[in-house]
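I have placed the structure first, in the form of structure tokens, so that the comments after it can refer back to it.
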Amino acid sequence: MSRRTMTSVPRPGRDRRAVLHRAPAGAERAEGRRVVVIGGGIAGIAAATVLAERGVDVDLVEREHTWGGRARSWDLGDGRSMSRGFHAFFRQYYTLRALLRRGDPSGSALTGIGDYPLQLAGGPRDSFRGIPRTPPLSVAAFALRSRSFPVRQLARVDVPAALALLRADFPATFSRYDGVSAQTLLDELRFPHDARHLALEVFARSFFADPAEFSAGELVGMFHTYFMGSAEGLVFDVPVDAYSPALWDPLIAALCGHGARARTGTRVVAVRPAADAVHVTGETDDFEVDAVVIAADPRGARALLDTMPGPTRDSDAWRRRIRSQRNAPPFAVWRLWLDLPVAAAAPAFLGTSGYGPLDNVSVLERFEATAARWSAAHGGSVLELHAYALHEAEAQDPTALRRELWHQLLRLHPELARASAVHEEWIVHDDCPLIGTSPWAERPTVRSPDERVVLAGDWLRTDEPVALMERAALTGVQAANTLLSRWGVAGQDYWSVPLRGVLRGRGGTHGARRGRRQR
1 MSRRTMTSVP RPGRDRRAVL HRAPAGAERA EGRRVVVIGG GIAGIAAATV
51 LAERGVDVDL VEREHTWGGR ARSWDLGDGR SMSRGFHAFF RQYYTLRALL
101 RRGDPSGSAL TGIGDYPLQL AGGPRDSFRG IPRTPPLSVA AFALRSRSFP
151 VRQLARVDVP AALALLRADF PATFSRYDGV SAQTLLDELR FPHDARHLAL
201 EVFARSFFAD PAEFSAGELV GMFHTYFMGS AEGLVFDVPV DAYSPALWDP
251 LIAALCGHGA RARTGTRVVA VRPAADAVHV TGETDDFEVD AVVIAADPRG
301 ARALLDTMPG PTRDSDAWRR RIRSQRNAPP FAVWRLWLDL PVAAAAPAFL
351 GTSGYGPLDN VSVLERFEAT AARWSAAHGG SVLELHAYAL HEAEAQDPTA
401 LRRELWHQLL RLHPELARAS AVHEEWIVHD DCPLIGTSPW AERPTVRSPD
451 ERVVLAGDWL RTDEPVALME RAALTGVQAA NTLLSRWGVA GQDYWSVPLR
501 GVLRGRGGTH GARRGRRQR
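Under full-length UniProt numbering, the very last position in the sequence shown is 519; numbers go up by exactly one each time.
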């Protein structure tokens, strides 16, 4: 029986210009199909969920011992938990939020964080509280109210270049900035020094990359998604507790309710398509399946793709594109359980610029239940410090890096000068993608030369201006839709922010759109 998509679909948020992308129509359910999804992060869980909901026999395998990928957490066993760092769940993350509702229908697992100011060392602190959420009013109000935009310096701004940000048209805008770095774009805009560091560079570094190596097209996509093209505004939520118990464990339970099997601590070492099946080899389990979704981190995905049979005339260029993808520089997360409380006026989350390697500070007991219980029991605070895009010397000398991070923290919070760490956890990773300046069209998408092997993850190209966790969730849905369409089964519709800027006109930004074929 063919599955018919409803013609009227409730909007996912407040933006009347949000775009509905229709999946190809088809049968209600797949019959006799089996898929292995490699990677239990957001992309893998999204792909597994859509497939299992359509009747596919799914095995979801994850090498770590908890779910969530780069947004996972783990229990330390003594009333504390650790994660890979703070994540902001923006209201524009339509696909991710739709996924989370499978395990949390009421939406109670996320809570608003209120304001999240940005602090420039020796300069102003900007706030997004009370800023209108609909562009271009949001942009104008922020510029007029912000201390980072002194009137005497606004005359230096390259107005045509700035207005171009409001005339974006995706995906064409991505290619327009091929070969241009975010650093170069910021130079050309000639924004005031303070505004550049607060409103622009802070956000660029949130992609774990130095602006000199980061794609200007991706930066423009970020401006459009979070501020200049979406009426959801710069508003985000956070989980009410550690990521695994609050978000991923309920979602995995819902997935298994559809008959899927989900296992952590399971490493896959090879993927070999053959004439009869795709053979997936693990350290402890082997699978013979109809198709596979590779939703590993970028380095892990490249390693698995290298295990596939050698290149052919059709796949050689694709393999070169895969191998050309780079990882971003390392980042550090330092979580501190202190014996003294932070100042009551301290924000739950503060972005910083000009504080050496320190990029932001989170006060976890303000929103995370596990941290709040520890804080109440011990009278101290649980802080998390992030340092992005580390230089090689910084990554190789963690003692010196922690000493510098502590010094910069005390510039922000002198009340902690006498504080000591009761506990601390320190991690450094370099498994995030670097969205560099190479041509946008050469970045890989969810498709591979073998139609039985699809990819998912935030390192892939999408036509929609999304990034980070939302790109992970979206590519997971797109990977599942690609397989389902091949089998004549209806896929999952999804929403995105508008594809055009507010000065580009309204045409094509609203209503049903047939999903594009990923090249």
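Virtual Cβ for every residue (Gly too), placed ideally from N, Cα, C.
Apart from the five residues just before and just after residue i, which ones in its own chain have a Cβ nearer than 8 Å to its Cβ?
i      : result
Gly79  : Thr370, Arg373, Trp374, Ala377
Arg4   : A caution first: Arg4 carries a pLDDT of 46, below 50, which makes its placement in the model unreliable, though a value can still be read off. So the qualifying residues of the chain are Ala25.
Asn481 : Ala23, Pro24, Val50, Gly491, Gln492, Gly515
If you draw a straight line from the C-alpha of residue i to the C-alpha of residue j, how long is it?
i      : j      : result
Val363 : Val497 : 30 Å
Arg519 : Thr445 : Model confidence at Arg519 stands at a pLDDT of 42, short of 50, so the residue's coordinates are unreliable; what they give is reported in the following sentence. Cα to Cα, the separation comes out at about 7 Å.
Phe214 : Arg321 : 18 Å
Arg84  : Arg72  : 7 Å
Ser438 : Ala400 : 34 Å
Gly380 : Glu425 : 16 Å
Tyr93  : Ser230 : 11 Å
Gly436 : Asp178 : 9 Å
His510 : Arg500 : Any answer about His510 is weak, because its pLDDT of 33 lies below 50 and its placement is not dependable; what the coordinates show is given next. His510 and Arg500: Cα-Cα distance of roughly 10 Å.
Glu48  : Val454 : The sequence given here places Ala at residue 48; Glu does not occur at that position. Approximately 12 Å between the Cα atoms of the pair.
Ala296 : Ala46  : 13 Å
Leu503 : Arg63  : 46 Å
Asp104 : Leu483 : 26 Å
Arg17  : Glu394 : 44 Å
Leu174 : Ala277 : The residue you asked about is not Leu; residue 174 is Phe in the sequence shown. Between Phe174 and Ala277, the C-alpha separation is close to 37 Å.
Gly217 : Phe170 : 10 Å
Val333 : Pro239 : 18 Å
Can you name, in chain order, every residue of its own chain whose Cβ lies under 6 Å from the Cβ of residue i, other than the five neighbours on each side?
i      : result
Gly221 : Pro465
Tyr355 : Ala121, Gln408
His423 : Trp337
Arg461 : Arg443, Thr445
Asp15  : Ser230, Ala231, Glu232
Ser81  : Ser73, Asp75, Ala242, Thr370
Asp430 : Asn327, Pro330
Arg261 : Asp59
Measure from the alpha carbon of residue i to the alpha carbon of each residue in the options, then state which is nearest.
i           : options                        : result
Ala27       : Val502, Gly491, Leu499, Arg504 : Gly491
residue 540 : Arg504, Ile113, Val289, Leu60  : Limits of the chain in this structure are 1 at one end and 519 at the other, which puts residue 540 out of reach.
Asp57       : Gly436, Leu255, Asp431         : Leu255
Gly13       : Gly39, Ala389, Ala98, Ile113   : Ala98
Ala181      : Asp210, Ala260, Gly123, Arg34  : Checking the sequence, you will find Ser at residue 181 rather than Ala. Among Asp210, Ala260, Gly123, Arg34, the Cα nearest to that of Ser181 is on Asp210.
Gly69       : Val19, Val159, Asp249, Ala317  : Asp249
Trp487      : Val9, Arg34, Arg16             : Arg34
Ile427      : His413, Pro449, Arg402         : Arg402
Ser353      : Thr173, Leu118, Ala162         : Leu118
Val382      : Leu390, Glu365, Asp397         : Glu365
Ala172      : Ser448, Ala441, Val240, Gly32  : Ala441
Ile252      : Asp187, Thr66, Met228, Leu166  : Thr66
Check whether the Cβ atoms of residue i and residue j sit closer than 8 Å, and answer yes or no.
i           : j      : result
Leu336      : Ala456 : no
residue 573 : Gly41  : The structure shown does not extend to residue 573, since the chain is modelled only from 1 to 519, so the question has no answer here.
Phe331      : Phe236 : no
Leu340      : Ala419 : yes
Ala343      : Glu415 : yes
Leu219      : Leu247 : no
Leu474      : Thr95  : yes
Val268      : Val61  : yes
Arg125      : Tyr388 : no
Phe208      : Ala328 : yes
Ile131      : Leu304 : no
Phe223      : Leu165 : yes
Can you give me the Cβ contacts of residue i inside the same chain, cut-off strictly under 7 Å, excluding the 5 residues immediately before and after it?
i      : result
Thr284 : Thr266
Phe287 : Val36, Asp59, Val280
Asp115 : Ser127, Phe128, Arg129, Pro347
Trp459 : Pro298, Gln325, Pro433
Next item on the list: At 3 residues or longer, and completely inside the region 418-496: list those beta strand (DSSP E) runs for me, N to C.
Entry: 421-429, 453-455, 494-496
Notebook entry, point to check: Which runs of the beta strand (DSSP E) fall wholly inside the region 10-78 and span at least 3 residues, in chain order?
Noted result: Listed in chain order, they are 19-22, 34-38, 57-61, 73-75.
Item checked: Length at least 4, wholly inside the region 163-193: the alpha helix (DSSP H) runs in chain order -> Here the runs fully enclosed are 172-176, 182-189.
Check: Whole alpha helix (DSSP H) runs in the region 344-376 with 4 or more residues, listed along the chain?
Finding: Listed in chain order, nothing qualifies, since the region 344-376 has no complete alpha helix (DSSP H) run of 4 or more residues.
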